[in-house]
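Residue numbers (our numbering): 1 to 374. Backbone N, C-alpha and C define an ideal beta-carbon position, used for all residues, glycine too.
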Amino acid sequence: MAGKSNKGRNRRVAHNAANSSDAVVPTDAPVKDNSSASEPIKADANGVSAVEESTEAKPEAKESETENSTSQPKQGDLHLYPVSVKTQSGEKLELQLNPGDSVMDIRQFLLDAPETCFFTCYDLLLHTKDGSTHHLEDFNEISEVSDITIGGCSLEMVPALYDDRSIRAHVHRTRELLSLSTLHASLSTSLALQYETSQNKVSSPGDTTKTEVPELDGLGFMEDVAGSLSNLLSSPSKEIKCVESIVFSSFNPPPSYRRLVGDLIYLDVVTMEGNKHCITGTTKMFYVNSSTGNTLDPRPSKSNLEATTLVGLLQKISSKFKKAFREILERRASAHPFENVQSLLPPNSWLGLYPVPDHERDAARAEDALTLLW
């Protein structure tokens with residue numbers, strides 16, 4: 001029995017030794033990284049904790065972000081810089097431009113300005129602070145040519161040469177400006193202004209005041225129906241007439257020997273004074289020729305009147321035109337900005353005047369309606 005007991009005791013010892021050998025961690029198992037534990041120990045040894053280091057890094061990042069935000073402008077902000085413009089007539093305008101504006105934007109603004117609305121054929125020159133001059137193309141941006149943020153930049157309008165297309169567009173633009181006094185009622189805000197002025201007159205302090213009775217307010221709601229219908233249409237604005245007619249002359253097209261000299265078009269103009277003039281449009285200017293009757297005489301008239309624009313020539317020919325055209329520009333400047341926007345199609349209102357006004361002859365209207373522009 002004693003021998004058996006020793007063998008059993010030896011077996012239990014060997015079994016415990018095998019279990020202890022199995023509990024040893026194998027070399028292939030991943031060893032846990034103790035660097036995270038050693039880092040706080042090192043930080044504590046230096047006297048600074050890891051939490052304090054992270055809090056110190058955050059203010060530095062915030063300071064760098066604030067510096068970047070102050071150095072870079074916001075995306076929605078637009079900085080405008082003053083740039084003076086010298087027109088063909090010698091006047092000076094001041095525009096507020098952004099470096100991202102294109103030359104087409106500048107041309108559109110000059111086309112809407114009263115001082116330059118009748119200039120259609122010109123080149124734009126940019127004069128910089130260092131004295132250099134740049135010719136601006138229509139599809140360029142200002143920043144591509146020069147830096148206007150440094151200041152000292154100016155624009156100059158230089159007359160360009162007309163061609164067949166541009167001179168007809170110039171005549172069409174002139175007719176359009178002269179017809180602004182007969183603006184359609186559906187495009188005008190004068191109706192609202194008329195209503196406000198009439199209401200102010202009714203509620204003037206000089207009128208006798210009457211007591212208001214809430215129970216009787218709804219009894220007379222049909223009394224002013226006729227008056228409200230009559231006020232539905234605003235009274236037509238007074239027409240400002242600058243010239244009797246501007247039509248293409250029957251001398252067109254210019255003969256070949258006159259085309260070689262530069263003649264592009266002939267116009268027949270009747271002024272408000274009743275004078276008839278035949279105007280020659282060349283590649284450089286407009287002037288009054290000496291034609292009378294059915295014979296073309298391309299020589300300049302004795303008065304020797306000429307101008308780079310048709311409006312400028314008509315102002316020299318007729319004093320009434322000059323006065324009336326100034327009134328048209330004043331009315332244009334006082335109108336709402338949306339009223340001056342060119343519409344693709346003319347408006348047709350369902351409201352009209354009664355009795356129907358007479359349809360009179362207008363050669364310019366017929367030419368514009370029957371001429372294909374495409």
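Output needed for residue i: all residues of its chain with C-beta closer than 7 Å, excluding positions within five of it in sequence on either side, in chain order.
{"i": "Ile142", "result": "Leu97, Pro99, Asp101 and Ile148"}
{"i": "Glu327", "result": "Ile240"}
{"i": "Val158", "result": "Tyr122, Asp123 and Leu125"}
{"i": "Ala160", "result": "Cys121, Tyr122 and Asp123"}
{"i": "Asp164", "result": "Leu264"}
{"i": "Ser249", "result": "Tyr266, Leu267, Asp268 and Cys278"}
{"i": "Ala169", "result": "Thr120"}
{"i": "Gln88", "result": "Phe119, Tyr122, Met157, Pro159 and Thr308"}
List the residues that DSSP assigns as beta-bridge partners of residue i.
{"i": "Cys278", "result": "Asp268"}
{"i": "Ser154", "result": "Ser84 and His127"}
{"i": "Glu306", "result": "Tyr287"}
{"i": "Phe248", "result": "Leu267"}
{"i": "Leu136", "result": "Leu124"}
{"i": "Leu93", "result": "Val85"}
{"i": "Ser102", "result": "Glu141"}
{"i": "Val243", "result": "Thr271"}
{"i": "Pro300", "result": "Asn289"}
{"i": "Pro159", "result": "Tyr122"}
{"i": "Thr295", "result": "Thr292"}
Inspect the beta-carbon positions of residue i and residue j and report whether they are closer than 9 Å.
{"i": "Lys276", "j": "Gly262", "result": "no"}
{"i": "Ala364", "j": "Ile240", "result": "no"}
{"i": "Ser179", "j": "Thr120", "result": "no"}
{"i": "Val356", "j": "Phe118", "result": "no"}
{"i": "Leu111", "j": "Cys153", "result": "no"}
{"i": "Cys278", "j": "Asn294", "result": "no"}
{"i": "Val171", "j": "Gly281", "result": "yes"}
{"i": "Glu273", "j": "Ser318", "result": "yes"}
{"i": "Lys322", "j": "Leu305", "result": "no"}
{"i": "Ser303", "j": "Asp297", "result": "no"}
{"i": "Phe286", "j": "Thr308", "result": "yes"}
Under 8 Å: does the beta carbon of residue i sit that close to some heavy atom of the ligand GDP?
{"i": "Ser319", "result": "Judged by which ligands are present, the structure shown has none, so any question about the ligand GDP falls away."}
Just confirm the distance between the C-beta atoms of residue i and residue j, as a whole number of angstroms; I'd bet it's less than 8 Å.
{"i": "Val83", "j": "Leu136", "result": "Between Leu136 and Val83 the Cβ distance is about 12 Å, and since that is not below 8 Å, they are no contact."}
{"i": "Ala146", "j": "Thr133", "result": "One point to set straight first is that residue 146 is Ser, not Ala, in the sequence displayed. That pair is no contact at about 10 Å."}
{"i": "Tyr162", "j": "Leu329", "result": "About 23 Å; that fails the 8 Å criterion."}
Which same chain residues end up closer than 6 Å to residue i when comparing Cβ atoms and leaving out the 5 residues on each side of it in sequence?
{"i": "Ala369", "result": "none"}
{"i": "Thr371", "result": "none"}
{"i": "Leu314", "result": "Phe321"}
{"i": "Arg173", "result": "Thr120"}
Keeping to the same chain, check which residues put their C-beta closer than 8 Å to that of residue i; ignore five residues upstream and five downstream.
{"i": "Leu95", "result": "Pro82, Val83, Ser84, Val85, Ile106, Phe109 and Leu155"}
{"i": "Thr333", "result": "Correcting the residue type first, residue 333 is Ala in the shown sequence and not Thr. Excluding sequence neighbours, Ala333 sits near Pro114."}
{"i": "Lys92", "result": "Ser84, Val85 and Lys86"}
{"i": "Asn140", "result": "Ser102 and Val103"}
{"i": "Arg175", "result": "Ile246, Ala364 and Asp368"}
- Message: Across the region 240-248 and the region 264-272, are there enough close Cβ pairs to call them in contact, namely three or more that are closer than 8 Å?
- Response: Taking 8 Å as the limit for Cβ pairs, the verdict is that the region 264-272 does touch the region 240-248.
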